[in-house]
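Residue numbers (this note's numbering): 1205 to 1385. Below is one structure, written out as structure tokens; comments come after it.
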Amino acid sequence: MHAVARSIDQDPGAHRDAFLRLWRTHGRIMRFLERAELGTPDATGLARYLAATSIRVFQTVGRSRAPTRAELDAAQRRVTADLPRVLPLGPDLTDAARSVDRAQPHLLDELLDTLFVWPGPSVADDREKVRIYVALWAVVEALDHAWTPPRSFRGEDTYVRVHLPPPPIEDQPEPEDIHVV
1205 MHAVARSIDQ
1215 DPGAHRDAFL
1225 RLWRTHGRIM
1235 RFLERAELGT
1245 PDATGLARYL
1255 AATSIRVFQT
1265 VGRSRAPTRA
1275 ELDAAQRRVT
1285 ADLPRVLPLG
1295 PDLTDAARSV
1305 DRAQPHLLDE
1315 LLDTLFVWPG
1325 PSVADDREKV
1335 RIYVALWAVV
1345 EALDHAWTPP
1355 RSFRGEDTYV
1365 RVHLPPPPIE
1375 DQPEPEDIHV
1385 V
């Protein structure tokens, strides 16, 4: 899982075609994120990117299908029921979110790290990041329900968080250095 996410992080261009295909085949998820009122268009774009990354992770092992509207609604209800145990959420306030029973906690922990722990610039402010995480939590719950692991899959009975160091922060090119082809 971490290898897939790191591969996407290191070379998003190599995954561009797959992301475009995912945005079409998982349109229900993308519409769910757009209706979630996450904040600025950049915040919604970040959520779409992180959702596509999550979908790619599910696709690496087993069979994954796009969740139905009913699965998304059920996931949203589960997340909403647990929100009082998770909030407040923000930088240095992720322990409560990590302690709640969640589908695919390793993936959701990496999303928490991406949004709140790892340093670097972000297109979303802290309130938008909370809304993004809550929406992605529902998406991951729905994706997990729509996922079938391979027969040989033997997941762990218990989850122990493995702290990963943040990816290196690379200098962003100045606008005049960007060439659109």
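Idealized CB from N, CA, C, for every residue including glycine.
Would you kindly work out how many angstroms separate the C-alpha atoms of His1310 and Asp1296, rounded to a whole number?
The straight-line gap from Cα to Cα measures roughly 18 angstroms.
Reducing DSSP to helix, strand and coil, say where Arg1267 ends up.
strand
If distances are taken between C-alpha atoms only, which option among Trp1227, Pro1354, Trp1341, Asp1215 comes closest to Arg1306?
Trp1341
Check Thr1352 in the structure and name its three-state DSSP category.
strand
So within the region 1253-1337, which uninterrupted alpha helix (DSSP H) runs reach at least 4 residues, ignoring any that extend past its ends?
1273-1290, 1299-1303, 1309-1316
Run the CB neighbour count on Thr1229, radius 10 Å, all protein chains shown included, and call it buried at 16 or more, exposed below.
exposed
Compare the Cα-Cα distances from Ala1256 to each of His1349, Leu1319, Val1343 and report the closest residue.
Closest option to Ala1256, Cα to Cα, is Val1343.
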